[in-house]
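Residue numbers (my numbering), protein chains in the order written: chain S, 335 to 696; chain V, 335 to 696.
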DNA sequence: GTGAAAGCGCTAACAT
DNA sequence: ATGTTAGCGCTTTCAC
């Protein structure tokens with residue numbers, strides 16, 4: 335055996351100071367011998383900082399925190415009302431168990447010390463609405479922590495929470511065509527991680543890696559097909575972010591197509607609000623000249639003028655259920671079912687009406 | 335010296351496996367001897383989970399995360415538009431440096447393993463809008479981590495970011511009285527941690543421990559005093575949360591006081607929105623019969639019908655500046671100035687007008 | 001260059 | 001009951 339001095343020769347005798355721990359009048363926190371030494375030698379004015387959280391986590395193997403990964407830049411989540419309500423649901427679950435909620439930024443890959451998802455101190459991860467091919471998802475599963483995926487991607491072996499996007503969008507499209515609309519146009523959310531605004535070809539639509547966008551596209555397509563409208567006649571404008579501004583830009587481009595669409599199907603309420611503004615900016619009326627539909631049913635949708643016909647999905651509940659699922663996993667339970675698909679229900683309101691002139695197809 | 339065996343006799347030889355670390359074809363991640371042993375012995379199917387985040391943090395003494403503490407239940411923060419914008423600002427700063435953002439829930443004090451603020455793994459804390467006597471603040475400073483306080487309390491020795499609440503509220507009150515209003519009423523945010531809804535006596539107003547509430551109250555009082563209105567004639571209704579619902583309840587109570595107020599000064603836009611609804615529910619008009627003012631200047635304020643006269647404060651900027659301050663502190667810099675007070679500027683819009691009948695004081 | 005080991009501060013397990 | 005110690009997995013420092 336190599337001769338090396340026992341550990342004690344360098345390490346101070348023990349972490350617990352000699353005072354009896356349970357004796358009345360002494361604190362029961364008897365940790366940190368070395369720090370106390372420093373306190374006594376260097377300066378007596380320092381107090382006890384409380385137990386070190388990282389050491390505690392290392393030892394216990396738990397941090398009592400769950401992480402949330404968002405598709406986009408973290409700050410965009412706070413600009414997206416659906417994401418905010420989702421996070422509210424997550425935080426509701428967290429506070430009931432006292433877990434911290436860690437919002438993990440997307441780090442530029444060259445960042446030192448690994449990416450934020452790799453070094454975040456969490457017991458589990460909620461992956462919210464990322465593209466199928468997003469490397470951040472791979473990083474998340476590589477950590478071998480419990481993972482709950484929300485909305486997308488629909489990975490088979492991961493716990494999953496989401497909405498019946500396809501059903502919701504086919505239903506609302508069916509409603510629109512049942513009113514008599516034949517010239518439809520779609521305002522879509524991002525199709526791929528590398529965004530490209532503007533009209534999206536059928537090929538690009540096929541190549542979509544955002545699962546919810548693809549699902550809603552399929553729903554619209556099926557709804558249109560039910561009325562005999564070939565999908566190739568439906569222009570699809572891809573927005574680069576979920577904002578009213580982008581909805582406006584999309585609607586402006588789509589209203590320029592010939593023949594002009596009589597119905598605009600937007601994949602989010604925010605995009606729909608922007609579309610309504612663009613329609614009005616042309617001197618047209620919603621819904622008299624152009625019908626507009628949304629998706630999400632934000633609280634603002636019902637108060638909008640005109641009240642927005644949209645598809646309801648329970649953002650807050652999704653967040654709560656996703657977090658509960660994760661917390662169950664962390665507690666060692668094996669929650670069933672592994673997937674929760676919430677229904678997407680159409681809310682028929684004032685932004686849809688029959689098309690202005692009911693002209694039979696040529 | 336006590337005879338004890340050297341540490342090596344129990345600890346596996348080294349943490350780095352024998353393979354040459356830099357030889358091409360081998361991963362450069364050569365950590366975790368013990369785990370690798372387990373991998374080889376127990377099951378070969380496990381992979382390398384990535385470096386352990388807690389161990390890394392313990393060793394480095396940094397977690398690359400900053401924590402945010404909120405007055406209230408965490409989930410309420412997501413229901414408060416001002417708080418959401420604040421968090422957006424914080425997250426903007428975080429993502430620029432790749433720091434995680436930890437939202438710390440308020441744990442019921444009896445929670446096992448200490449409170450969440452004590453055990454959260456963060457390098458610094460942003461304390462957002464808590465009462466002067468909130469124990470969570472004491473816990474935060476006891477951790478001896480860098481702390482930035484936002485809005486309240488105005489603790490002298492801590493870095494601080496906030497708004498000129500007193501100036502903003504006195505200015506908007508002066509505007510209202512300059513229109514001729516003499517019967518004012520205030521819809522206040524919480525006065526103390528133990529909430530009590532309803533009309534607040536002068537004694538209770540004096541006892542306020544929420545610094546921003548107290549500051550706005552002082553501002554209103556000074557604005558009223560400038561017009562010779564004694565503060566004792568101004569009823570103050572304390573809302574128990576920042577919601578339209580509470581604004582409605584407050585306005586209903588205040589409109590029942592005799593003589594009926596002609597102007598309602600609300601301490602947040604949300605409360606003001608609710609107040610407007612209550613006024614209309616009585617068959618009265620804003621601003622013809624009753625003027626209403628807010629505070630915050632949410633994006634919705636300008637779009638409201640009528641557009642809300644309110645006080646602007648830069649929620650998002652406050653969040654960004656607070657986080658930048660904290661990140662500076664963490665980087666070892668000593669940011670100057672230690673306090674940032676943003677101006678609160680009045681936005682005169684359509685919800686204020688002269689009182690209905692200009693009757694000289696009896 | 002390559003390799004070894006000390007130890008961050010805590011807690012669970014074991015020793016008395 | 002009270003006291004002791006090993007070691008979580010990493011990184012930094014030191015030794016070769």
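From the three backbone atoms N, C-alpha and C, an ideal C-beta is built for every residue, glycine too.
**Report entry** Other residues of its chain near residue 548 (chain V): CB distance less than 7 Å, five sequence neighbours each side excluded
**Finding:** Cβ neighbours of residue 548 (chain V) beyond the five flanking positions: 542.
Query - Distance, residue 524 (chain S) Cα to residue 720 (chain S) Cα - result: Since the first residue of chain S shown is 335 and the last is 696, residue 720 (chain S) is not available in this structure.
Requested in this report: Please determine if the region 634–641 of chain V and the region 400–414 of chain V are in contact, where contact requires at least 3 C-beta pairs separated by less than 8 Å.
Outcome: Counting Cβ pairs under 8 Å, fewer than three are found: no touch.
**Report entry** Where residue 566 (chain S) falls, given that 16 or more other Cβ within 10 Å makes a residue buried
**Finding:** By the neighbour-count rule (16 or more Cβ atoms within 10 Å), residue 566 (chain S) is not buried but exposed.
Query - Rounded Cβ spacing between residue 456 (chain V) and residue 399 (chain V) (contact assumed at less than 8 Å) - result: Correct: roughly 5 Å between the Cβ atoms.
Requested in this report: Please state if the CB of residue 383 (chain V) and the CB of residue 478 (chain S) are separated by a distance shorter than 9 Å.
Outcome: Contact: yes.
Requested in this report: Output, in chain order, the set of chain S residues within a Cβ distance shorter than 7 Å of residue 389 (chain V).
Outcome: Listed by position along chain S, the residues whose Cβ is nearer than 7 Å to that of residue 389 (chain V) are 392.
Requested in this report: Could you list which residues in chain V have their beta carbon closer than 7 Å to that of residue 432 (chain S), in chain order?
Outcome: Within chain V, the residues near residue 432 (chain S) are 439, 441, 445 and 450.
Query raised in the report: the region 485–518 of chain S: which residues have C-beta closer than 9 Å to a C-beta of chain V, in chain order?
Result: Residues of the region 485–518 of chain S with a C-beta less than 9 Å from any C-beta of chain V: none at all.
Query - Proximal chain S residues relative to residue 436 (chain V), where beta-carbon distance stays under 8 Å - result: Within chain S, the residues near residue 436 (chain V) are 399, 434, 435, 436 and 437.
Query raised in the report: Is there a Cβ from chain V that is less than 9 Å from the Cβ of residue 682 (chain S)?
Result: Output row for residue 682 (chain S): interface = no.
Query raised in the report: Taking DSSP as the reference, what is the three-state secondary structure of residue 679 (chain S)?
Result: Strand, per DSSP.
**Report entry** Amino acids of chain S, ordered along the chain, whose beta-carbon sits closer than 8 Å to that of residue 464 (chain V)
**Finding:** None at all; the shortest Cβ gap to chain S is about 16 Å.
Query - Beta carbon of residue 673 (chain V) nearer than 9 Å to that of residue 502 (chain V) - result: Cβ atoms of residue 673 (chain V) and residue 502 (chain V): not closer than 9 Å.
Query - Cα-Cα separation between residue 561 (chain S) and residue 689 (chain S), rounded to whole angstroms - result: When only Cα atoms are considered, residue 561 (chain S) and residue 689 (chain S) end up about 15 Å apart.
Query raised in the report: Just checking my contact of residue 475 (chain V) with residue 686 (chain V) at CB under 8 Å: how many whole Å lie between their CB atoms?
Result: With 8 Å as the limit, residue 475 (chain V) and residue 686 (chain V) do not qualify as a contact, their Cβ atoms being about 41 Å apart.
Query raised in the report: Whole-angstrom Cβ separation of residue 647 (chain V) and residue 630 (chain V), contact assumed at under 8 Å?
Result: With 8 Å as the limit, residue 647 (chain V) and residue 630 (chain V) qualify as a contact, their Cβ atoms being about 6 Å apart.
Query raised in the report: In its own chain, which residues sit with a C-beta less than 7 Å from the C-beta of residue 660 (chain S), not counting the 5 before and 5 after it?
Result: Non-local beta-carbon contacts of residue 660 (chain S) in its own chain, meaning distances under 7 Å to residues more than five positions away in sequence, involve 400, 458, 460, 480 and 482 in chain order.
Report task. Please state whether DSSP places residue 706 (chain S) in a helix, a strand or coil. Result -> Nothing in the structure corresponds to residue 706 (chain S), since chain S is present only between 335 and 696.
Query raised in the report: Which partner residues of residue 521 (chain V) appear in the DSSP bridge assignment?
Result: Answer is V:571 and V:600.
Query raised in the report: From V:669, V:527, V:419 and V:572, pick the residue whose C-alpha is nearest to that of residue 652 (chain V); which is it?
Result: Residue 652 (chain V) has its Cα closest to that of V:419, out of V:669, V:527, V:419 and V:572.
**Report entry** Closest Cα partner of residue 575 (chain S) within the set S:454, S:411 and S:462
**Finding:** For the residues S:454, S:411 and S:462, the minimum Cα distance to residue 575 (chain S) belongs to S:411.
Report task. Could you tell me whether any non-hydrogen atom of the ligand ATP is closer than 8 Å to the CB of residue 595 (chain S)? Result -> The model on display carries no ligand, and the ligand ATP is accordingly not part of it.
**Report entry** Residue environment, residue 469 (chain V), which counts as buried when at least 16 other CB atoms sit within 10 Å
**Finding:** By the 16-neighbour rule on beta-carbons within 10 angstroms, residue 469 (chain V) is exposed.
Query raised in the report: In three-state DSSP terms, what is residue 404 (chain S)?
Result: Of the three classes helix, strand and coil, the one that applies to residue 404 (chain S) here is strand, per DSSP.
Query raised in the report: Which term fits residue 691 (chain V), buried or exposed, when burial requires 16 or more other beta carbons within 10 angstroms of its beta carbon?
Result: Taking a 10 Å sphere around the C-beta of residue 691 (chain V), we find fewer than 16 other C-beta atoms and assign the residue as exposed.
Query raised in the report: Looking at the unbroken alpha helix (DSSP H) that takes in residue 504 (chain S), where does it start and where does it end?
Result: First-last of the alpha helix (DSSP H) with residue 504 (chain S): 499–512.
Query raised in the report: Which of the three DSSP states, helix, strand or coil, is assigned to residue 583 (chain V)?
Result: Collapsing the DSSP output to three states places residue 583 (chain V) in a helix.
Query raised in the report: Can you check whether the CB of residue 533 (chain V) is closer than 9 Å to the CB of residue 386 (chain S)?
Result: Result no, Cβ atoms of residue 386 (chain S) and residue 533 (chain V) do not sit closer than 9 Å.
Query raised in the report: In whole angstroms, what separates the C-alpha of residue 490 (chain S) from that of residue 581 (chain S)?
Result: C-alpha separation (whole angstroms): 33 Å.
Query raised in the report: Cα-Cα, which of V:601, V:663 and V:413 is closest to residue 572 (chain V)?
Result: Closest in C-alpha terms to residue 572 (chain V), from the list V:601, V:663 and V:413, comes V:601.
Report task. Less than 8 Å between the CB atoms is what I'm expecting for residue 657 (chain V) and residue 432 (chain V), so what's the real figure, rounded? Result -> The distance from the Cβ of residue 657 (chain V) to that of residue 432 (chain V) is about 13 Å, inconsistent with a contact at the 8 Å cut-off.
Report task. Using the DSSP secondary-structure output, state which residues sit across from residue 399 (chain S) in a beta bridge. Result -> Residue 399 (chain S) has S:434 as its beta-bridge partners, per DSSP.
Requested in this report: Just grab the DSSP bridge partners of residue 418 (chain V) for me.
Outcome: According to DSSP, which records beta bridges pairwise, residue 418 (chain V) is partnered with nothing at all.
Query raised in the report: What residues in its chain sit with their C-beta under 6 Å from that of residue 438 (chain S), if we drop five residues either side in the sequence?
Result: Same-chain partners within the cutoff: 401, 403, 450, 451 and 454.
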